[in-house]
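What follows is a short report on a single structure.
2 protein chains.
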Amino acid sequence: MNLYAASVRIMPLKALLDPQGKAVTHSLQKINLAAISDVRVGKHIALELQAENDIQAHQLVDEACKKLLCNPIMEFYEFEIKPI
Amino acid sequence: MNLYAASVRIMPLKALLDPQGKAVTHSLQKINLAAISDVRVGKHIALELQAENDIQAHQLVDEACKKLLCNPIMEFYEFEIKPI
Numbered sequence: 140m141n142l143y144a145a146s147v148r149i150m151p152l153k154a155l156l157d158p159q160g161k162a163v164t165h166s167l168q169k170i171n172l173a174a175i176s177d178v179r180v181g182k183h184i185a186l187e188l189q190a191e192n193d194i195q196a197h198q199l200v201d202e203a204c205k206k207l208l209c210n211p212i213m214e215f216y217e218f219e220i221k222p223i
Numbered sequence: 140m141n142l143y144a145a146s147v148r149i150m151p152l153k154a155l156l157d158p159q160g161k162a163v164t165h166s167l168q169k170i171n172l173a174a175i176s177d178v179r180v181g182k183h184i185a186l187e188l189q190a191e192n193d194i195q196a197h198q199l200v201d202e203a204c205k206k207l208l209c210n211p212i213m214e215f216y217e218f219e220i221k222p223i
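Residue numbers (our numbering), protein chains in the order written: chain A, 140 to 223; chain B, 140 to 223.
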């Protein structure tokens, strides 16, 4: 068994409004950071896992995203895995 | 002015407990994904910004993190910037 670290990003779907991101954009404008636009706020999930190989590690994280971490009605996910 | 995309990760400090991450770890064990451990849940913020150059872009995102996005008592931040 090998140990892997995974970094998962779960973001609101691009077609959907992101009220939290919009609120952050407005707040940034008020503190003279109007150069920043199009803020979108999602989740970043860091995790460790044990797997036989890279392919199994990838499958496990994908399964975790599909079954628990990501709500596909409102969110999409991407992740990277590296051995540690 | 150039356009940049920034990807900011804001995570709970490693020295602090992360109850949300702990809850996710337990839930994963219940759905036969016990190979996954040490889950930590933070925020991922994607944004776009206009800046003269890479250095100014870096400064602007750093300022946004310090002034608004990150609470240094409980969180730390890292980010990457790339031109778009």
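In this text, a Cβ means the ideal position worked out from N, Cα and C, and glycines have one as well.
In this text the structure is predicted, and so the values were computed from the model without any measurement.
* Asked: So B:Asp177 packs on A:Leu199, CB below 8 Å; how close in whole Å?
  -> The count along the second sequence starts at 1 and reaches residue 177 of chain B at position 38. The count along the first sequence starts at 1 and reaches residue 199 of chain A at position 60. Not quite, the Cβ-Cβ distance comes to about 14 Å (not below 8 Å), so this is no contact.
* Asked: Between the C-alpha atoms of A:Ile173 and A:Arg179, what's the straight-line distance to the nearest angstrom?
  -> As a working note, residue 173 of chain A is residue 34 in the first sequence. As a working note, residue 179 of chain A is residue 40 in the first sequence. Correcting the residue identity first, residue 173 of chain A is Ala in this sequence and not Ile. Between A:Ala173 and A:Arg179, the C-alpha separation is close to 15 Å.
* Below-8 Å beta-carbon distance, A:Met213 vs any chain B residue -> Here residue 213 of chain A refers to the residue found at position 74 of the first sequence. Not an interface residue.
* To do: Go ahead and pull the three-state DSSP assignment for B:Asp157.
  => Along the second sequence, one-based indexing puts residue 157 of chain B at 18. If DSSP states are grouped into helix, strand and coil, B:Asp157 belongs with coil.
* Asked: When you compare only the Cα positions, how much space is there between B:Pro222 and B:Asn141?
  -> Stepping through the second sequence from its first residue, residue 222 of chain B is reached at position 83. Stepping through the second sequence from its first residue, residue 141 of chain B is reached at position 2. Each residue's alpha carbon lies about 7 Å from the other.
* What residues from chain B crowd round A:Ala162, counting only those whose CB sits closer than 8 Å? -> By one-based count along the first sequence, residue 162 of chain A stands at place 23. At a C-beta separation below 8 Å, A:Ala162 has no neighbours in chain B, since its nearest C-beta there lies roughly 10 Å away.
* To do: Mind checking who A:Met150 pairs with in its DSSP beta bridge?
  => Working through the first sequence from its first residue, we reach residue 150 of chain A at position 11. As DSSP reads the structure, A:Met150 sits in a beta bridge with A:Phe215.
* Asked: For A:Leu188 versus A:Tyr143, is the C-beta distance shorter than 8 Å?
  -> The residue given as residue 188 of chain A occupies position 49 in the first sequence. The residue given as residue 143 of chain A occupies position 4 in the first sequence. Using a Cβ distance threshold of 8 Å, A:Leu188 and A:Tyr143 count as a contacting pair.
* What three-state label does DSSP hand B:Ile220 in the structure shown? -> Residue numbering aside, residue 220 of chain B sits at position 81 when the second sequence is read from its first letter. Looking at B:Ile220 - three-state DSSP - the assignment turns out to be strand.
* What are the uninterrupted segments assigned as alpha helix (DSSP H) that are 4 or more residues long and contained completely in the stretch 184 to 210 of chain A, given in chain order? -> Whole alpha helix (DSSP H) segments, 4+ residues: 193 to 203.
* Asked: Which one of A:Cys209, A:Glu191, A:Ile184 has the shortest CA to CA distance from B:Lys161?
  -> In the second sequence, residue 161 of chain B corresponds to position 22, counting from 1. Nearest neighbour of B:Lys161 by Cα position, chosen from A:Cys209, A:Glu191, A:Ile184, turns out to be A:Ile184.
* Asked: Would you call the stretch 209 to 218 of chain B and the stretch 208 to 219 of chain A in contact, with 3 or more CB pairs under 8 Å?
  -> Three or more beta-carbon pairs separated by less than 8 Å are not found between the stretch 209 to 218 of chain B and the stretch 208 to 219 of chain A, which leaves the two stretches without contact.
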